[in-house]
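Numbering-wise, this note's numbering comes out as the position in the sequence shown, counting from 1, plus 13. All C-beta atoms, glycine included, are put in the ideal place defined by N, C-alpha and C. This report refers to the structure that appears directly beneath it.
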Amino acid sequence: MAQFLHTIYHWFEKNKRDLPWRRTNDPYKIWISEIILQQTQVKQGIEYYSRFISRFPDIFKLARSPEDEVLKMWQGLGYYSRARNLHHSAKIIVNNYNGQFPSDYEKIISLKGIGEYTAAAIASITFNLPYAAVDGNVSRFLARYFNYEIPVDTSEGKSGINKIANEILDKANPGMHNQAVMEFGALQCTSINPSCTECPVGGSCLAFHNDLVRELPLKTKRPKQKNRYFNYFLFESGNKILMQKREGNDIWKNLWQLPLIETESDTEIGELLQSPSFSGFTGRDNIGLVKVEKRVIHILSHQKIIARFIRINISEFKNLPSEIIPVNKKDIHKLAVPKLIENFLTESGIIN
């Protein structure tokens, strides 16, 4: 095992990427990077990380900023609960720990939005605490190398991989170890077409010798993707349009969108315009030209959004419900909106 780890560390020194969060030991910045990278490719993550740190250079600035501003900086990354959890936890750290990021693993993992992997990464990289950080790259690499044949997305499989990861952890230098193993999985032991014949530990990799690289790691079947039908209404009156804030425990919570009617299936425009939900937006007596835009398919992890945009001229905004507000077109760019809405408003010439 010592030779195995020595080989991985040597590979890491020669091949590691120069990433901005690797140039600091600031737990705040490491935390931001880890949250961004939970569901984001590194190339895209670098851009967002730089913008986020520029706007919120320390935990006090993040904690004291309004949520709308945090969500706006997150716009386009998706999984917006990450941004809301960051904001929530920043307030906790400022209020409960005087702005000092906790250096205890249990306190770190107690923060909202931080799970076992993120807590281990922060604890090991910034505080040199001996916790193995197991992300998807590490799980894949270890499952192949040790020929681990329990599905890694089950409780038993995850527990087993974590046990292996902690057994091989270099407790004297856990931060470097974790980064080396993660990087090896990300760049060398890739999910598709790994370079096994050029792998420095291929000689001792059990999956390679047993011709199981393509099969491992094992996973259970993915849940079926759910179809959702979103009917958005672009109400225009002069230089203003109507916007509404998403609420409830659903995707894009607290982001702004066009007034929406969600239906269980594809629905005729006439039926939508006659529905009580539609009349609840502005009434029907001052409606002008109605134009139906093309459908747009927006894919999320377990959902397929089938969106349709209906563009409506309206003479005057009146009797609006409390959750819907008129917004000047020149101010739309200040609001945090889902990428789906941003794309449509840009293509429609509403925002530049």
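Taken in chain order, the whole beta strand (DSSP E) runs of length 3 or more contained in the stretch 191-217 number zero. When only Cα atoms are considered, Asn262 and Tyr93 end up about 12 Å apart. The beta carbon of His311 is closer than 7 Å to those of Ile318, Ala320 and Leu353 in its chain, skipping five residues each way along the sequence. In the three-state scheme derived from DSSP, where H, G and I count as helix and E and B as strand, Ala156 is classed as helix. Taking 8 Å as the upper bound for CB-CB distance, Ile66 and Lys42 are in contact here, some 6 Å apart. In the pairwise beta carbon analysis, the stretch 147-154 is classified as touching the stretch 193-208: at least three pairs are separated by under 8 Å.
Closest in alpha carbon position to Leu142, among Ala156, Ser168 and Pro115, is Pro115. A direct Cα-Cα distance of roughly 25 Å separates Leu285 from Leu313. Comparing alpha carbon positions, the residue from Ala156, Lys331, Phe357 and Cys209 closest to Asn244 is Phe357. The residues Val165, in chain order, have a CB closer than 7 Å to that of Lys171 in the same chain once the five nearest residues on each side in sequence are set aside.
If you draw a straight line from the Cα of Ile337 to the Cα of Val226, it comes to about 53 Å. Counting only residues of its own chain and dropping the five nearest sequence neighbours on each side, Leu229 has a CB closer than 6 Å to the CB of Ala156, Arg157 and Ala220. Within the stretch 95-140, complete alpha helix (DSSP H) segments of at least 4 residues are found at 118-122 and 129-140, given in chain order. Here Phe246 is not near Ile345, since their CB atoms are 7 Å or more apart. The residues Arg324, in chain order, have a CB closer than 7 Å to that of Lys304 in the same chain once the five nearest residues on each side in sequence are set aside.
Counting along the chain, the unbroken beta strand (DSSP E) around Ser250 starts and ends at Lys239 to Ser250.
Distance between Ala134 and Met86, taken at the CA atoms: about 24 Å. Cβ-Cβ separation between Tyr61 and Leu99: approximately 12 Å, too far for a contact (criterion under 8 Å). Excluding residues up to 5 positions away in sequence, Phe17 and Tyr158 lie with their Cβ nearer than 8 Å to the Cβ of Ser217 in the same chain.
The three-state reading of DSSP puts Trp265 in coil, since its state is none of H, G, I, E or B.
The beta carbons of Ile72 and Gly112 sit closer together than 7 Å.
In this structure, Glu47 lies away from Thr167, with their beta-carbon atoms at least 7 Å apart. DSSP, read as helix, strand or coil, puts Thr359 in helix.
Here the alpha carbon of Gly215 sits roughly 50 Å from the alpha carbon of Asn108. If you check the CB distance, Leu84 and Ser102 do not come in under 7 Å.
With respect to the 7 Å criterion, Ile274 and Ser292 are not classified as neighbours on the basis of their beta carbons.
The beta carbon of Lys253 sits closer than 6 Å to the beta carbons of Pro339 and Asn341 from its chain, once the five residues preceding and following it are set aside; these are given in chain order. Residues of the same chain with a CB within less than 8 Å of the CB of Asp279, apart from the 5 flanking positions on each side, are Tyr242 and Ile319 in chain order.
Within the DSSP secondary-structure output, Pro339 pairs in a beta bridge with Leu255. Annotated as proximal: Leu268 and Val350, with beta-carbon spacing under 7 Å.
If you look at Gln316, you'll find it in the beta strand (DSSP E) that goes Gln316 to Ile327.
In this structure, the CA atom of Asn179 is about 21 Å from the CA atom of Gln51. Under the three-state reduction of DSSP, Ile310 is assigned to strand. Sixteen is the threshold: since fewer than 16 other Cβ atoms of the shown chains lie within 10 Å of the Cβ of Asp31, the residue is exposed. As the crow flies, the alpha-carbon of Leu75 is around 26 Å from that of Gly188.
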